[in-house]
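Novice:
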Amino acid sequence: MARSYGSAATLLALKEVTYGLKPAGNWEKFAFVSSDLSAEQNLISSDLLGQGREPRAPFRDVINDEGNLVIPVEGRDFGRWLQLLLGNPVSAGVAATGDITFTVNPSAGHTITINGIVWTFVASGATGTQTNIGGSLAATLTQLATDLNASVNASITPATYSNGGGTKLNIVHDAVGGGGNSFTLASGNANGVASGATLSGGGYTHTFISGAASLPSFAAEIGHANVPAYFVHTGCMLNSMAMNFQRSGSANATLNIIAQGETRFASTQGGTPTSRVYKPFSQFNGSIKRNGTALANITGAQFTYSNGMQAVPTIRNDALIEGVDPTTISVNGSIDVRFADTTLVDDAINNTAIELELAYKLAGLDGNNFSLTWTFHEVYLPRPRIPVSGPGGVQASFNWQGVFDDSLTKSVTVVLKNDITTYP
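Going by numbering that gives the first Met the number 0, the residue at position 44 of the sequence shown is 43; the numbering climbs one at a time, nothing skipped.
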């Protein structure tokens, strides 16, 4: 008999068309760390009398189907979980950009390379892939941009060029999306530093905001192919998401799910699953800002965004709940700080609301293409205790609360940048 192992377990999910009905079609496959999402039905001991001392058969209680799903925080699939937590995003394409910066006017014979095409600076008589050197760096860059924009070379034409403040050549790819990230840049001389080996930042931003009146339901399948057994949970609603920020380790999020019911199948119900290429964030990619400025001396942080989901327990002949309704949103978290200044203490004492930003951004140029930013627009800090418990560092913890910002008409904004066009 084959035994099930976590290493062989699978997670599939798909948005439902109708609440509680298993959706048809090809489901999406997701990476996960752990899951205790499962249905349980307790037994109620018999209270029957008059039948002697021996115990009698118990009664079955109602079915509760809920649990936690721990998932990696990564650049592509995470957008689907955000959609289930916050509702549909506003998605927009972003063009790749880059530049080449100069310190002085180029000399004759100096070169730059644009998407594989070598472009040469000459004293006069420029033809083809050449540009005449002007009387100043600014004049040269203006002429360079003019020449590049006028070029009919198929490698040059996909971008638009401009003089960037008299010191750099700015380059913007004409097409939005990730395609422009392969457009190459180089300089043949020390006087001319490219922003990177390629343009970067091309992709799509997906902006999620708190407070959606209705949220999508979904079905989730936990598969054990070795048995085989496939547990399909329908009527799933995402109650909350919790994340923590620390100095090292993997970046994970804990999802609390309330489902209507679970059905076991002998084969997968996910059709031919689709998947996205895995693009994980690490804890060292994290950053924390207060009012737009990086906070120093942070040793850890965490938050929980909750939809306040409430199961609707009605009388039914199948022991299931009727549905799950969102109630009041709550946003809570904590920040652990090495005590080095009184910035946050003063905010707490004065009851001053701050904006708090927690973000992940991949290292290097990839960080221009993949990032995740949570912004809590109005945050209040409690006055903390600052204990001195020994000769080591003094630390303070702030258990903050996020609230609705009247001027912005929201409490939270989440922006995910990646190369996924949309989350239908």
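Idealized CB from N, CA, C, for every residue including glycine.
Contact check, aspartate 428 vs asparagine 368 under 8 Å by CB: the rounded distance?
Specialist: Because residue 428 is not part of the residues shown, which for the chain are 0 to 423, the question remains open.
Novice: Have a look at Gly392, Ile132 and Arg79 and flag the residue whose alpha-carbon is nearest the alpha-carbon of methionine 236.
Specialist: For the purposes of this step, residue 236 is taken as residue 237 along the sequence shown, with counting starting at 1. Closest by alpha carbon: Arg79.
Novice: If we call anything under 7 Å between Cβ atoms a contact, is alanine 250 one with valine 72?
Specialist: The sequence position of residue 250 within the sequence shown is 251, counting from 1. The sequence position of residue 72 within the sequence shown is 73, counting from 1. In this structure, alanine 250 places its C-beta atom within 7 Å of the C-beta atom of valine 72.
Novice: Given 8 Å as the limit, is there contact between the region 403–413 and the region 370–377, that is, 3 or more CB pairs closer than that?
Specialist: yes
Novice: To which residues does DSSP link tyrosine 18 through a beta bridge?
Specialist: Numbered from its first residue, the sequence shown carries residue 18 at position 19. Per DSSP, none; premise fails for tyrosine 18.
Novice: Which one of Gly165, Pro157, Gly124 and Gly115 has the shortest CA to CA distance from threonine 102?
Specialist: Counted from its first residue, the sequence shown places residue 102 at position 103. The shortest Cα separation from threonine 102 among Gly165, Pro157, Gly124 and Gly115 belongs to Gly165.
Novice: Hey, would you say aspartate 64 sits closer than 7 Å to asparagine 169, going by beta carbons?
Specialist: As a working note, residue 64 is residue 65 in the sequence shown. As a working note, residue 169 is residue 170 in the sequence shown. No; because the gap between Cβ atoms is not below 7 Å, this pair is not in contact.
Novice: Quick check on asparagine 238: buried or exposed, where buried means 16 or more other Cβ atoms within 10 Å of its Cβ?
Specialist: Residue numbering aside, residue 238 sits at position 239 when the sequence shown is read from its first letter. Buried, since its Cβ has 16 or more Cβ neighbours within 10 Å.
Novice: Any C-beta of chain C sitting closer than 7 Å to the C-beta of asparagine 225?
Specialist: Within the model displayed, chain C is absent; a lone protein chain is all it includes.
Novice: Select from Lys14, Ala1 and Leu343 the residue whose C-alpha is nearest the C-alpha of valine 231.
Specialist: Reading the sequence shown from its first residue, position 232 is the one you call residue 231. Nearest option by C-alpha distance: Lys14.
Novice: Answer yes or no: do alanine 125 and asparagine 131 have a C-beta to C-beta separation smaller than 7 Å?
Specialist: As a first step, residue 125 must be located in the sequence shown, where it is residue number 126. As a first step, residue 131 must be located in the sequence shown, where it is residue number 132. A Cβ-Cβ contact shorter than 7 Å links alanine 125 with asparagine 131.
Novice: So, are the CB atoms of threonine 159 and asparagine 180 less than 7 Å apart?
Specialist: Locating residue 159 in the sequence shown gives position 160, where the first residue counts as 1. Locating residue 180 in the sequence shown gives position 181, where the first residue counts as 1. Their beta carbons are not under 7 Å apart, which means threonine 159 does not touch asparagine 180 by this criterion.
Novice: For isoleucine 348, which of helix, strand or coil comes out of DSSP?
Specialist: Translated into positions along the sequence shown, residue 348 becomes position 349. It is helical.
Novice: Do glycine 134 and glutamine 142 come within 7 Å of each other at the CB atom, strictly closer than that value?
Specialist: As a working mapping, residue 142 is identified with position 143 in the sequence shown. As a working mapping, residue 134 is identified with position 135 in the sequence shown. In this structure, glycine 134 does not lie closer than 7 Å to glutamine 142 by Cβ.
Novice: How long is the line joining the alpha carbons of asparagine 190 and glycine 108, rounded to whole angstroms?
Specialist: Residue mapping note: residue 190 aligns to position 191 of the sequence shown, counting from 1. Residue mapping note: residue 108 aligns to position 109 of the sequence shown, counting from 1. Approximately 12 Å between the Cα atoms of the pair.
Novice: Using a 10 Å radius around the Cβ and a threshold of 16 neighbouring Cβ atoms, would you call asparagine 148 buried or exposed?
Specialist: Here residue 148 refers to the residue found at position 149 when the sequence shown is read from its first residue. Classification of asparagine 148: exposed, given that the 10 Å Cβ count is below 16.
Novice: If you count every other CB in all the chains shown that lies within 10 Å of the CB of asparagine 25, and 16 or more means buried, which is it?
Specialist: Residue mapping note: residue 25 aligns to position 26 of the sequence shown, counting from 1. Exposed, by the Cβ-count rule.
Novice: So, is phenylalanine 182 buried or exposed, given that buried needs 16 or more other C-beta atoms within 10 angstroms?
Specialist: Position 183 of the sequence shown, counted from the first residue, corresponds to residue 182. Phenylalanine 182 comes out buried.
Novice: What residue range is occupied by the uninterrupted beta strand (DSSP E) comprising glutamine 268?
Specialist: Position 269 of the sequence shown holds residue 268. Taken as a continuous stretch (DSSP letters only), glutamine 268 belongs to no beta strand (DSSP E), as it is neither H nor E.
Novice: Quick check: the Cα distance between tyrosine 422 and leucine 85, rounded to an integer number of angstroms?
Specialist: In the sequence shown, counting from the first residue as 1, residue 422 sits at position 423. In the sequence shown, counting from the first residue as 1, residue 85 sits at position 86. C-alpha separation (whole angstroms): 13 Å.
Novice: Can you give me the Cβ contacts of threonine 372 inside the same chain, cut-off strictly under 6 Å, excluding the 5 residues immediately before and after it?
Specialist: Numbered from 1 along the sequence shown, position 373 holds the residue referred to as residue 372. Taken in chain order, the residues that qualify are Ala358 and Val414.
Novice: Would you tell me roughly how many angstroms separate the C-alpha atoms of serine 106 and isoleucine 113, rounded to the nearest one?
Specialist: In the sequence shown, the residue the question calls residue 106 occupies position 107. In the sequence shown, the residue the question calls residue 113 occupies position 114. Roughly 18 Å between the two C-alpha positions.
Novice: Whose C-beta lies closer than 6 Å to the C-beta of lysine 288 among residues of the same chain, with five residues either side of it excluded?
Specialist: As a first step, residue 288 must be located in the sequence shown, where it is residue number 289. Contacts found: Glu356.
Novice: Unbroken beta strand (DSSP E) runs of length 3 or more, entirely within the region 5–53: which are they?
Specialist: 8–14, 27–29 and 37–43
Novice: So what does proline 279 bridge to, in DSSP terms?
Specialist: Residue mapping note: residue 279 aligns to position 280 of the sequence shown, counting from 1. Partner(s): Glu73.
Novice: Does the region 328–348 come into contact with the region 294–305, if we say contact requires no fewer than three beta-carbon pairs (one atom in each stretch) closer than 8 Å?
Specialist: yes
Novice: Go ahead and pull the three-state DSSP assignment for leucine 143.
Specialist: Within the sequence shown, numbered from 1, the residue matching residue 143 stands at position 144. Here leucine 143 sits in helix by DSSP.
Novice: Quick check on arginine 2: buried or exposed, where buried means 16 or more other Cβ atoms within 10 Å of its Cβ?
Specialist: Position 3 of the sequence shown, counting from 1, holds the residue named residue 2. Under this definition arginine 2 is an exposed residue.
Novice: So, lysine 167 versus threonine 100, is the Cβ gap smaller than 7 Å?
Specialist: Residue numbering aside, residue 167 sits at position 168 when the sequence shown is read from its first letter. Residue numbering aside, residue 100 sits at position 101 when the sequence shown is read from its first letter. Yes, they are a contact pair.
Novice: Per DSSP, what kind of secondary structure is threonine 102 in: helix, strand or coil?
Specialist: On the sequence shown, position 103 is the one that residue 102 refers to. Three-state DSSP puts threonine 102 in coil, outside helix and strand.
Novice: Given this structure, state the Cα-to-Cα distance separating valine 276 from arginine 75, to the nearest angstrom.
Specialist: Here residue 276 refers to the residue found at position 277 of the sequence shown. Here residue 75 refers to the residue found at position 76 of the sequence shown. Roughly 7 Å between the two C-alpha positions.
Novice: According to DSSP, simplified to helix, strand and coil, what is alanine 252?
Specialist: Start at 1 with the first residue of the sequence shown, and residue 252 comes out as number 253. The answer is strand: DSSP assigns alanine 252 an E or B state.
Novice: Going along the chain, which residues of its own chain have a beta-carbon closer than 7 Å to the beta-carbon of alanine 218, five neighbours each way excluded?
Specialist: Residue numbering aside, residue 218 sits at position 219 when the sequence shown is read from its first letter. Hits under 7 Å: Ala12, Leu13, Glu15, Lys21, Pro22, Val231, His232, Thr233 and Cys235.
Novice: Hey, is the region 396–411 in contact with the region 323–330, meaning 3+ C-beta pairs nearer than 8 Å?
Specialist: yes
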